[in-house]
Amino acid sequence: MNRYIVEISALLYVESIHDPDTLANNLVSQLEELAASSEHLLDYELTPHPLPGNDEDESPDGRDKVNAA
């Protein structure tokens with residue numbers, strides 16, 4: 020079996036109902052799954068940058084949460 024160290028650099032646009040910390044934790048979990056385990060995830064840096072205009076009362080699709088139901 021061949022072994023590699025793989026360096027990934029990506030800038031993603033993500034729409035999520037989660038706060039930045041939860042979003043980061045969810046993405047790290049997905050990276051751990053890709054790496055087969057947390058032990059194989061040797062190093063990472065993940066920093067969510069909220070976009071201007073984010074509003075806790077608004078759904079990711081732009082609808083008002085109160086009136087969306």
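Residue numbers (our numbering): 20 to 88.
Every residue, glycine too, gets a C-beta built ideally from N, C-alpha and C.
Out of 25, 23 and 42, the CA that lies nearest to the CA of residue 68 is found in 42. The C-beta distance from residue 47 to residue 70 rounds to 20 angstroms, too long to fall under 8 angstroms, and the pair is not in contact. Membership of residue 52 in the alpha helix (DSSP H) is indicated by the continuous run 39-53.
Counting only the Cα atoms, residue 62 lies some 14 angstroms from residue 44.
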